[in-house]
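Residue numbers (my numbering): 14 to 364.
As structure tokens, this is what we get:
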């Protein structure tokens, strides 16, 4: 008997049928089918309809678990320890269970813990029976006559049901129920990225509402958020067709901003390429912005060199030391000016 435990990732959705299929891969029964019965309960069956594996699923906002067994029906339930318990819940419990809790202060941490431990055991038993809500919660007790948690319950037909509360996570109460003693229970934690809560189209619009993106950037961001590449590409293409996403417009806006920062044409083009803009579009945007500025590469580079001299307290007619010439060259290179332009600047600054 194996209990598979998944800690969910915030902001993702998880489908029990999909997760159960992954569990089947993990336990070597991938050829079986996942079915949902009329009661809503999931089952795993062979082609002829017989049970290939007995399973039970439970989940909270933060966790998803699946109990599997090859011998017979099972039931599992989990509750987060932070769960708030509604008033007057005691009235739906069996008298033995009410008496078990009566020795604790209602609402205290100890009472909440005892209640959730008791409740998960009851839920796991109901799931084991497969009777759902039709089985009244007050008609059976998971507390024995001695006032202790029962490890064995015998139903009306005399069939045994074995209960256990395994340690799964610090933040969870968990209980399992099976037709045999669950002494061989193995707890296995696994990972799954889940699916995005929003569609790729909705997610893309959200991103664009915060800042501009290129088509390449937006596609990559959607993929990193868990959308499959094909869906991400389709969503981006739809936004481009609608005019909400325009790499040419983005490139020009970015180039104007970069120009105000004193960057050279080479660096502007390279930064646009890194953002996924096509080479032809990047070069065209840089040339358009530079032409509109009415200033050549040499003049802009010279202005940056003089700014550096001014910040260093040097006058334009002061002789340049080799150290200062090196600083100017490195600064202009960082800003993305070509080496030929940098050489001309250094020559023009020579007294």
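The beta carbon of each residue, even a glycine, is placed where N, CA and C say it ideally should be.
If you're wondering where the values come from, they're calculated on a predicted model, not measured in any experiment.
For residue i, the nearest candidate out of the options (CA to CA)
i, options, result
"residue 279", "359, 352, 95, 325", "352"
"residue 360", "338, 193, 232", "338"
"residue 127", "158, 140, 113", "113"
"residue 54", "80, 75, 43", "80"
"residue 42", "131, 30, 59, 29", "59"
"residue 211", "270, 159, 334, 236", "236"
"residue 294", "223, 261, 109", "261"
"residue 91", "251, 101, 291, 131", "131"
"residue 273", "97, 306, 245", "306"
"residue 52", "62, 104, 116, 142", "142"
"residue 297", "160, 282, 310, 311", "282"
"residue 287", "231, 275, 335", "231"
"residue 30", "207, 168, 250, 290", "207"
"residue 161", "320, 111, 354", "111"
"residue 249", "226, 318, 66, 336", "226"
Cβ distance (whole Å) where residue i is taken to contact residue j below 8 Å
i, j, result
"residue 285", "residue 267", "6 Å"
"residue 70", "residue 64", "Between residue 64 and residue 70 the Cβ distance is about 15 Å, and since that is not below 8 Å, they are no contact."
"residue 184", "residue 137", "Not confirmed; about 18 Å, so no contact."
"residue 314", "residue 333", "Going by Cβ atoms, the distance from residue 314 to residue 333 rounds to 15 Å, so no, they are not a contact pair."
"residue 150", "residue 103", "11 Å between Cβ atoms; not a contact."
"residue 140", "residue 75", "About 20 Å; that fails the 8 Å criterion."
"residue 155", "residue 179", "That belief does not hold up - the Cβ atoms of residue 155 and residue 179 are roughly 15 Å apart, past 8 Å."
Bridge-paired residues (DSSP) for residue i
i, result
"residue 88", "190"
"residue 20", "76"
"residue 174", "166"
"residue 70", "79"
"residue 64", "58"
"residue 48", "56"
"residue 185", "93"
"residue 156", "162"
"residue 15", "81, 199"
"residue 238", "According to DSSP, which records beta bridges pairwise, residue 238 is partnered with nothing at all."
"residue 208", "26"
Residue i versus residue j: straight-line alpha-carbon distance, rounded
i, j, result
"residue 209", "residue 119", "40 Å"
"residue 186", "residue 34", "25 Å"
"residue 188", "residue 241", "36 Å"
"residue 191", "residue 17", "15 Å"
"residue 73", "residue 93", "7 Å"
"residue 15", "residue 347", "58 Å"
"residue 157", "residue 220", "57 Å"
"residue 83", "residue 117", "39 Å"
"residue 223", "residue 123", "46 Å"
"residue 195", "residue 172", "16 Å"
"residue 181", "residue 228", "44 Å"
"residue 276", "residue 39", "54 Å"
"residue 45", "residue 115", "47 Å"
"residue 322", "residue 357", "16 Å"
"residue 291", "residue 253", "15 Å"
"residue 109", "residue 165", "15 Å"
"residue 301", "residue 244", "34 Å"
"residue 362", "residue 316", "12 Å"
"residue 32", "residue 47", "10 Å"
beta-carbon residue i near the ligand GDP non-hydrogen atom, thresh 7 Å
i, result
"residue 176", "As far as ligands go, the structure on display features none, and thus does not contain the ligand GDP."
**OP:** Enumerate, from N- to C-terminal direction, the unbroken alpha helix (DSSP H) stretches of 4 or more residues contained entirely within the stretch 114–150.
**Re:** 122–142
Subject >> Ordered list of alpha helix (DSSP H) runs contained in the stretch 251–332, each at least 4 residues >> reply: 260–273, 278–287, 292–306, 310–324
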